[in-house]
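Participant: Could you have a look at this structure, given as structure tokens, before my questions?
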Ligand code: 3HC
């Protein structure tokens, strides 16, 4: 079937696009649109409507085509053809008109949208900028400030908001095609002009230099290290000062440089990785998904409360179980407080907050959970405690209820063994703050049934999380790797670095915060407490935890005690260097026989990131992660790994596997095999000249 069809309805030529799943502007679609618009010029139609079949209006350029040789007609040619049509063109928008799709709509003479539709220019999320006129047309319609918000955030906006910004001309509640056709008839009857956005000029007084300076500052902070956001600002500035065609030339030049940049390659990789990670390899197509209409949560602490909010936000009833009425009240109060903060930021209405709160209930009796469809245990991180809870759940929960544990480290199989139904048990590991962080690590136990795992993966999407499937091991994917990252940070610190140098080096590299500052923020005592229950093997060698142990034993637990790796002002929380911390570093180095030496920023960056990569490769060898790209999803969505680096495994591919492997071998020679044993998979890929991506593709 052709991707573009054409018919005349009530004297209006309707160009219908049908390129599932999201009507991306593939080569065939581009060619089809041009042919249809050109052919319609000579027929009996009075005006044209462009409408889409399926779930959405055009959701953008076909991302799979980037990086391949360009093929005419390009999206730019499609857009020029529409804009130059001698017959008036109306875009009829439903679903999400995004990127090149919204740019196509902006080239139409009028835009009509369903009230449920959304529009946006999300290219920045792919390390790109709108390359088909978006940076020139959006500010001409919406003004510079609103356009910069739209394009630098990449977030879609509602049809009503778009209407208020002049980006859309009419919003209708239903019967989109009929409404768009009658709109076209109405415009034709009135002899309406062919409104071309390019003809609008922007009053420079509305876009002073300070406005752009403000945006450069904001974006420089928010998207630190990324190239595209700053180029977007340059393009929008050009829309004010340059004629349309010159602005378009500048936009195209910047777009072309972004498309071929490593940053965009990394972010496009993540786009597809985030979709792949939701798929369970080898799962029979007809595997059932259990219905989840109600959820029980064990533990109303920060984690349990955050998890509860995810479900209430999408209309699923939640019952929180706590050990006492007091603890329960504290938990419910915390949830209310968190919602209150969201309301005060204007991100939620009072009514929406009350609707969510009405869905969250509490109990102190396990019997109160006898009817729920899914339970998520978010209690104290201790195997025996969790086993006792699961034995109780086994006694009260209805048959078929999914029994999930939010454990970060404990053995899901041993937890499942405390029940008579291990097939219903699964790990659902949320990341803190659970109502904000996008990642959900789903841990498949040895006996978890396909239906149980499938349900956990699907519910993740329902509550707007990005799932990644892991097998059972200490720390699963994320924490198993993160431990290596932290341990290597400590080795760099005791071996010659300072907290400032290490944090700055990692921040420069792209991490949102330096690892030691993060540790001060979250509390050094947390991992200290965890170490008390670990085996020597789990702890690693003393040099990788001697400093935090000493700091905690001195009462320096991080920000909450006013001191940790740094000192913090009691009032402002401003951070400053602390010679006492350095005394601890030096004392611990002497105690453990480590000779401190100057260490370069590059060495710190390589060692810390290569430690992640080496462990990631071992995780793949062990079959703990399904694919290399799942590891990238875990790190970018759960550990603030910079998206423009694409995740640790993509980064290894970008640097070159051989180079990474050779460096790891040299660290092994320098620091010993106990710490730096190169992964066998890494060695194999280095010798075969293959990337993780190729290895992963071969196994799909
Ligand atoms: N190109 C190619 N494939 C695309 C695509 C695109 N623009 N958008 C989505 N897909 C694919 C997905 O990879 C997925 O494939 P899969 O089923 O094989 O995994 C399938 O379509 C469905 O996508 P989702 O799972 O994401 O479906 P949802 O319903 O959850 O979301 C959506 C739909 C909101 C449209 C979302 O897919 C999305 O945000 N797409 C990307 C939009 C975008 O970034 N557009 C800008 C592209 S760049 C551009 O236009 C440049 C221009 O300025 C020149």
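In the numbering used here, the protein residues as written are 53 to 752.
A virtual CB, placed ideally from N, CA and C, is assigned to each residue, including glycine.
It should be emphasised that the depicted structure is a prediction, and the values quoted were computed from it without experimental measurement.
Below 8 Å CB to CB, which residues in the same chain sit around residue 465 once its five sequence neighbours on both sides are set aside?
Facilitator: 474, 497, 498, 499, 524
Participant: Comparing the CB of residue 325 with every heavy atom of ligand 1, is any distance shorter than 7 Å?
Facilitator: no
Participant: Specify the secondary structure class of residue 576 as computed by DSSP and reduced to three states.
Facilitator: helix
Participant: Compute the Euclidean distance between the alpha carbons of residue 696 and residue 310, then round it to the nearest angstrom.
Facilitator: Taking the straight line joining both Cα atoms gives about 12 Å.
Participant: What three-state label does DSSP hand residue 481 in the structure shown?
Facilitator: DSSP, reduced to helix, strand and coil, places residue 481 within a strand of the structure shown.
Participant: May I ask you to check if the CB of residue 96 is nearer than 7 Å to at least one heavy atom of ligand 1?
Facilitator: no
Participant: Which whole-angstrom value describes the C-beta separation of residue 88 and residue 64, a residue pair presumed to lie in contact below a C-beta threshold of 8 Å?
Facilitator: Rounded, the Cβ-Cβ distance is 13 Å, inconsistent with contact.
Participant: How about residue 158 and residue 132: do their beta carbons lie closer than 8 Å?
Facilitator: No.
Participant: On the criterion of 16 or more Cβ atoms from any shown chain inside 10 Å, does residue 293 qualify as buried, or is it exposed?
Facilitator: exposed
Participant: Enumerated in chain order, which unbroken segments of the alpha helix (DSSP H) with a length of 4 residues or greater are wholly contained in the stretch 272 to 325?
Facilitator: 280 to 293, 296 to 311
Participant: With a threshold of 6 Å on Cβ separation, who are the neighbours of residue 340 within its own chain once the five nearest residues in sequence on each side are excluded?
Facilitator: 503
Participant: So if DSSP puts residue 620 in a beta bridge, which residue, or which two residues, is it bridged to?
Facilitator: 627
Participant: Taking buried to mean at least 16 other C-beta atoms within 10 Å of its own C-beta, is residue 434 buried or exposed?
Facilitator: The residue in question, residue 434, is exposed, as its Cβ has fewer than 16 Cβ neighbours within 10 Å.
Participant: Which residue comes first and which comes last in the alpha helix (DSSP H) that contains residue 413?
Facilitator: Element bounds for residue 413: not the alpha helix (DSSP H) but the beta strand (DSSP E), 412 to 415.
Participant: By Cβ distance, which residues of its chain are closer than 7 Å to residue 176, with the 5 residues on each side in sequence left out?
Facilitator: 203, 204, 206, 280, 281, 284
Participant: Should residue 168 go down as buried or exposed, given a rule of 16 or more other Cβ atoms within 10 Å for buried?
Facilitator: exposed
Participant: From which residue to which residue does the alpha helix (DSSP H) around residue 681 run?
Facilitator: 680 to 690
Participant: When you compare the CB positions of residue 799 and residue 370, do they come within less than 8 Å of one another, or not?
Facilitator: Residue 799 lies beyond the stretch modelled for the chain, which goes from 53 to 752, so this question has no answer here.
Participant: From which residue to which residue does the alpha helix (DSSP H) around residue 713 run?
Facilitator: Per DSSP, residue 713 belongs to the alpha helix (DSSP H) from 709 to 723.
Participant: Comparing the CB of residue 76 with every heavy atom of ligand 1, is any distance shorter than 7 Å?
Facilitator: yes
Participant: In three-state terms, what does DSSP make of residue 378?
Facilitator: helix
Participant: Out of 722, 125, 82, 330, state which residue places its alpha-carbon closest to the alpha-carbon of residue 505.
Facilitator: 330
Participant: Taking one C-beta from the stretch 347 to 355 and one from the stretch 380 to 391 each time, how about it: are there three or more such pairs within less than 8 Å?
Facilitator: yes
Participant: What separation, rounded to the nearest whole angstrom, lies between the Cα atoms of residue 214 and residue 135?
Facilitator: 20 Å
Participant: Can you look up residue 565 in the DSSP assignment and give me helix, strand or coil?
Facilitator: coil
Participant: Buried or exposed for residue 649, please, with buried defined as at least 16 other CB atoms from any protein chain shown within 10 angstroms of its CB.
Facilitator: exposed
Participant: Straight-line CA distance for residue 161 to residue 515?
Facilitator: 38 Å
Participant: Please say whether residue 171 and residue 194 have beta carbons closer to each other than 8 Å?
Facilitator: no
Participant: Please classify residue 537: does DSSP put it in a helix, a strand, or coil?
Facilitator: If DSSP states are grouped into helix, strand and coil, residue 537 belongs with the helices.
Participant: Is it right to say residue 658 is buried, meaning 16 or more other beta carbons lie within 10 angstroms of its own, or is it exposed?
Facilitator: buried
Participant: Provide the residue span of the beta strand (DSSP E) that contains residue 526, from first to last.
Facilitator: Element bounds for residue 526: n/a, residue is neither H nor E.
Participant: Taking Cβ to Cβ, would you say residue 356 is nearer than 8 Å to residue 489?
Facilitator: At the C-beta level, residue 356 and residue 489 stay beyond 8 Å of one another.
Participant: Regarding residue 112 and ligand 1, is the C-beta to nearest heavy atom distance less than 7 Å?
Facilitator: yes
Participant: Assign residue 517 to buried or exposed, taking buried as 16 or more other Cβ atoms, counted over all protein chains shown, within 10 Å of its Cβ.
Facilitator: Residue burial is scored here from C-beta neighbours: residue 517 has at least 16 other C-beta atoms within 10 angstroms and is therefore classed as buried.
Participant: Does the beta-carbon of residue 148, which I'm using as the reference point, lie nearer than 7 Å to any heavy atom of ligand 1?
Facilitator: Proximity of the beta carbon of residue 148 to ligand 1 is indicated: a heavy atom of the ligand is located closer than 7 Å.
Participant: With a threshold of 8 Å, are at least 3 pairs of Cβ atoms found where one atom belongs to the stretch 656 to 674 and the other to the stretch 625 to 641?
Facilitator: no
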